[in-house]
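Data block below; observations after.
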Amino acid sequence: MNKYNTIAPIGTDMGHAQQLLASGGVVAMPTETVYGLASNAYDPQAVSQVFAIKQRPSFDPLIVHVDSVTHAQAFTAPWPEAALELAQRFWPGPLTLVLQKKSLIPDIVTSGLCSVGVRTPQHPLALSLLQQLPFPLAAPSANPFGYISPTTPQHVQQQLGRHIPYILDGGACAVGLESTIVGFAQGQPVVHRLGGISLEAIEAVVGPVSMAVQSPGALPTAPGGLSSHYAPTKSLQLGDLDRLLMQYATQQVGVLAFDRLCPQVDAEHQVVLSPSGSLVEAAQRLFAALRTLDALPIDIILATPVPDTGLGRAINDRLGRASSRISK
Ligand code: TXA
Ligand code: MG
Numbered sequence: 008m009n010k011y012n013t014i015a016p017i018g019t020d021m022g023h024a025q026q027l028l029a030s031g032g033v034v035a036m037p038t039e040t041v042y043g044l045a046s047n048a049y050d051p052q053a054v055s056q057v058f059a060i061k062q063r064p065s066f067d068p069l070i071v072h073v074d075s076v077t078h079a080q081a082f083t084a085p086w087p088e089a090a091l092e093l094a095q096r097f098w099p100g101p102l103t104l105v106l107q108k109k110s111l112i113p114d115i116v117t118s119g120l121c122s123v124g125v126r127t128p129q130h131p132l133a134l135s136l137l138q139q140l141p142f143p144l145a146a147p148s149a150n151p152f153g154y155i156s157p158t159t160p161q162h163v164q165q166q167l168g169r170h171i172p173y174i175l176d177g178g179a180c181a182v183g184l185e186s187t188i189v190g191f192a193q194g195q196p197v198v199h200r201l202g203g204i205s206l207e208a209i210e211a212v213v214g215p216v217s218m219a220v221q222s223p224g225a226l227p228t229a230p231g232g233l234s235s236h237y238a239p240t241k242s243l244q245l246g247d248l249d250r251l252l253m254q255y256a257t258q259q260v261g262v263l264a265f266d267r268l269c270p271q272v273d274a275e276h277q278v279v280l281s282p283s284g285s286l287v288e289a290a291q292r293l294f295a296a297l298r299t300l301d302a303l304p305i306d307i308i309l310a311t312p313v314p315d316t317g318l319g320r321a322i323n324d325r326l327g328r329a330s331s332r333i334s335k
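Going by the working numbering, the first residue of the sequence shown is number 8, and it counts up by one from there.
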């Protein structure tokens, strides 16, 4: 789909973004997690453009963005107590709650599910858009389906620039990983996707939570639940670096390193996520690092898991999905 002859400009014209959205168009907007491809969540026609532009399968539901709990309650059934506690603690922020929807939300948004994913983003431009528009915004990450999520306006422009009219410039995303998604079973929180709010932080509010189990090949109930996702074009191998270096000794390798360069590999073919060993910084830089490596003259990307605590769990989840890519 090559709709526009020119590449979408990157700018901060909020009036233009509002006007495009109000007339049923699609706009790339910054959030604190990743850039989103926004449309009027109440307008099925507008939402269908988002699926087309992303080449996203219709069975993968979108997240609806709102400016407050009050607005979310306009299109959701009464909330479990734990949902209210989590929203009060983490909104605005990188937490999506899966709640029962009312018919105000068209089926296309939720892929026919009775539930809807909702969140209030913590980015001044996204919040200001949401406060000024008379409707919520359905917005998936602004990348072609299956590729790495964008964390800068330039990432969006490179991949979707010819398919959208405007990219709202909010700079680089502060969190860098998509939201954590929490649903509820008999009122009890269930984590569907790890993301920008750590499991530890959620459990500090609502006590121990379970993780949703995804059966292989099942449609996502789902949350970024497809096993091959968030993937670069190049093959990514995840594991012990020394073993991987031996295994791929005959190939040009690139390394995604956590806190220090790997001495056996050319420094120009490596990206260090956080020299100080910060998982927060590593999360911020992860997707840009994968894009950088994807563009280098290398055959394969090698990566080792980061420490599996806090945001490290979500980083490892994304690395795992990036490595299970089915070859294209
Ligand atoms: O941080 C984020 O969540 C970003 C920004 C733009 O808000 N959005 C994002 O959207 O990552 P997306 O579409 O790339 O991923 C949303 C995931 C999808 O994989 C979808 O399966 C899941 O949320 N989801 C949405 N609605 C759901 C529902 N009703 N039940 C279960 N999963 C749902
Ligand atoms: Mg996505």
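In this text, a Cβ means the ideal position worked out from N, Cα and C, and glycines have one as well. Predicted, not measured: the structure shown is a model, and the values here were computed from it.
Taking the Cβ atom as the reference point for each residue, do residue i and residue j lie within a distance shorter than 8 Å?
i	j	result
VAL272	VAL189	no
VAL41	SER217	no
LEU143	VAL71	Correcting the residue type first, residue 143 is Pro in the shown sequence and not Leu. It is a contact, given that the beta carbons lie within the stated cut-off.
GLN165	ASP74	no
ILE155	VAL33	no
ALA290	LEU184	yes
CYS269	LEU248	yes
GLY202	PRO101	yes
LEU136	MET36	yes
PRO160	ILE17	yes
THR38	ALA133	yes
ALA48	VAL54	yes
THR83	SER186	no
With a threshold of 7 Å, establish whether the CB of residue i neighbours any heavy atom of the ligand MG.
i	result
SER156	yes
GLU185	yes
PRO147	yes
What is the DSSP secondary structure of residue i, counted as helix, strand or coil?
i	result
GLY214	coil
THR316	coil
ILE204	coil
ALA238	strand
ASN323	helix
LYS109	coil
ILE60	helix
ARG169	coil
PRO131	helix
THR187	strand
ALA192	strand
ARG126	strand
THR103	strand
ALA310	strand
PRO223	Model confidence at PRO223 stands at a pLDDT of 49, short of 50, so the residue's coordinates are unreliable and nothing is read from them.
GLY231	Interpretation of GLY231 is limited by its pLDDT of 49, a score under 50 that renders its predicted location unreliable; no figure is taken from the coordinates.
ALA15	coil
GLY43	strand
GLY22	helix
THR158	coil
LEU303	coil
THR83	strand
LEU263	strand
VAL272	coil
LEU175	strand
ALA35	strand
ALA256	coil
SER30	coil
VAL182	coil
VAL279	strand
VAL116	helix
Taking 7 Å as the cut-off, does the CB of residue i come closer than this to any heavy atom belonging to the ligand TXA?
i	result
ASP114	no
THR167	In the sequence on display, residue 167 carries Leu and not Thr. No, the beta carbon of LEU167 sits no closer than 7 Å to any heavy atom of the ligand TXA.
ALA122	According to the sequence shown, residue 122 is Ser rather than Ala. Yes, the beta carbon of SER122 sits closer than 7 Å to at least one heavy atom of the ligand TXA.
HIS199	yes
ILE322	no
ILE60	no
THR103	yes
PRO68	yes
VAL41	yes
HIS130	no
ARG325	no
ARG126	yes
GLY178	no
GLY153	no
HIS162	no
HIS23	no
THR38	yes
ILE14	no
HIS78	no
GLY100	no
ILE188	yes
So residue i and residue j are in contact, right, with Cβ under 8 Å, and what is the actual spacing, rounded?
i	j	result
ALA238	GLY319	20 Å between Cβ atoms; not a contact.
ALA296	LEU263	6 Å
TRP98	VAL116	That pair is no contact at about 19 Å.
LEU286	PRO314	7 Å
SER242	ILE307	5 Å
Confirm the yes/no value for this check: CB of residue i, any heavy atom of the ligand ATP, distance under 7 Å.
i	result
THR117	For the structure depicted, the ligand ATP is absent and the ligand set comprises only the ligand TXA and the ligand MG.
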